[in-house]
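FYI, the numbering for the sequence shown is 9 to 217, going by this note's numbering.
All residues carry an ideal CB built from backbone N, CA and C; glycine is no exception.
Notes follow once the structure below has been shown.
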Amino acid sequence: MSQQSADPGFHPPRQARSRESLQKVLAAAEHVLAGQGHEEFTLAAVAERAGMSVGTIYRRFSGKDQLLYAVKDQLLGRLEAGVGDALRTSEPGLGEVVGAFVRALARTFSSHDRIFPELLDGQRADGRDRGLQALAAIQQALVEAVHPCLDEVRRPDAALAVRTIARTIIGSAVHRAATGRFWPDGLTWTAWATETTALALAYLTSPGG
Numbered sequence: 009m010s011q012q013s014a015d016p017g018f019h020p021p022r023q024a025r026s027r028e029s030l031q032k033v034l035a036a037a038e039h040v041l042a043g044q045g046h047e048e049f050t051l052a053a054v055a056e057r058a059g060m061s062v063g064t065i066y067r068r069f070s071g072k073d074q075l076l077y078a079v080k081d082q083l084l085g086r087l088e089a090g091v092g093d094a095l096r097t098s099e100p101g102l103g104e105v106v107g108a109f110v111r112a113l114a115r116t117f118s119s120h121d122r123i124f125p126e127l128l129d130g131q132r133a134d135g136r137d138r139g140l141q142a143l144a145a146i147q148q149a150l151v152e153a154v155h156p157c158l159d160e161v162r163r164p165d166a167a168l169a170v171r172t173i174a175r176t177i178i179g180s181a182v183h184r185a186a187t188g189r190f191w192p193d194g195l196t197w198t199a200w201a202t203e204t205t206a207l208a209l210a211y212l213t214s215p216g217g
């Protein structure tokens, strides 16, 4: 989990064995959240899935909200890391950078599509702030990665156009994850990434008024 954004009441373990135990709890929490949803999520169900006592979980987390925050924090950390790695290893060029960014979003959302909607619902203010922090970070990562190939952008204000497309792509991914069960678009996440990349590049490379 992100040390900077962690819940003030949570103390990350320092010993390897304790870190492994924490990961076991978080994996169990993700499984329960995916299967039962936010409303039915309980520490007892997580403890049963993890094969440990409820008291063991309470020694680390003050309750359900703090555990949900930890799950969200870890998931957003994966999103930030995935986007960062994809942009660092992408081939040079506007199309390659934008494509790498969109595919990285799609990979994270597709591998956790059953829990993203639950984490987007019913979160307290600090959870929402953590989400906004992560989305701002990945937007900035794209802006910085595109900068070397900014001359390929044909919009009048290239920097503004890149920020606009970053926000649009991120908004599309979050909206798709939140509403996919109720408003399906018939696309796989891979197809969504391909179509979204094409839309973004069409906007960036077409002159605007």
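Whole-angstrom distance between residue j and residue i, CA atom to CA atom
{"i": "I173", "j": "A112", "result": "15 Å"}
{"i": "M9", "j": "S98", "result": "Its pLDDT being 46, under 50, M9 is placed unreliably in this model, and the value from its coordinates should be taken loosely. If I take the Cα positions, the gap works out to 25 Å."}
{"i": "A94", "j": "Q31", "result": "24 Å"}
{"i": "D159", "j": "T198", "result": "28 Å"}
{"i": "E56", "j": "R189", "result": "27 Å"}
{"i": "V182", "j": "S70", "result": "28 Å"}
{"i": "C157", "j": "A166", "result": "10 Å"}
{"i": "V62", "j": "L143", "result": "33 Å"}
{"i": "G103", "j": "T116", "result": "20 Å"}
{"i": "L34", "j": "L75", "result": "8 Å"}
{"i": "G59", "j": "R68", "result": "15 Å"}
{"i": "Y77", "j": "R136", "result": "10 Å"}
{"i": "A14", "j": "L87", "result": "Its pLDDT being 47, under 50, A14 is placed unreliably in this model, and the value from its coordinates should be taken loosely. Near 16 Å, if we compare the C-alpha coordinates of L87 and A14."}
{"i": "D73", "j": "G85", "result": "18 Å"}
{"i": "E47", "j": "S26", "result": "28 Å"}
{"i": "V154", "j": "E28", "result": "37 Å"}
{"i": "G92", "j": "E152", "result": "11 Å"}
{"i": "T50", "j": "L127", "result": "14 Å"}
Whole-Å CB distance - residue i paired with residue j, under 8 Å assumed
{"i": "L150", "j": "H120", "result": "Not confirmed; about 20 Å, so no contact."}
{"i": "T204", "j": "V105", "result": "With 8 Å as the limit, T204 and V105 do not qualify as a contact, their Cβ atoms being about 14 Å apart."}
{"i": "A37", "j": "P125", "result": "Not really, about 15 Å apart at Cβ, beyond 8 Å."}
Check whether residue i and residue j have beta carbons under 8 Å apart
{"i": "A114", "j": "A201", "result": "yes"}
{"i": "R175", "j": "S214", "result": "no"}
{"i": "V79", "j": "I65", "result": "no"}
{"i": "R171", "j": "Q147", "result": "yes"}
{"i": "A42", "j": "R138", "result": "no"}
{"i": "A208", "j": "I178", "result": "no"}
Classification of residue i by the beta-carbon crowding that lies within 10 angstroms, buried from 16 upward
{"i": "A52", "result": "exposed"}
{"i": "R184", "result": "buried"}
{"i": "L168", "result": "exposed"}
{"i": "A108", "result": "buried"}
{"i": "Q210", "result": "At residue 210 the sequence reads Ala, which differs from the Gln that was named. Its Cβ having fewer than 16 others within 10 Å, A210 is exposed."}
{"i": "D81", "result": "buried"}
- Message: Which complete alpha helix (DSSP H) runs does the stretch 62-113 hold, if anything under 4 residues is left out?
- Response: 62-66, 72-97
- Uninterrupted alpha helix (DSSP H) stretches inside the stretch 162-190 (no shorter than 4 residues): Runs of the alpha helix (DSSP H) inside the stretch 162-190: 166-187.
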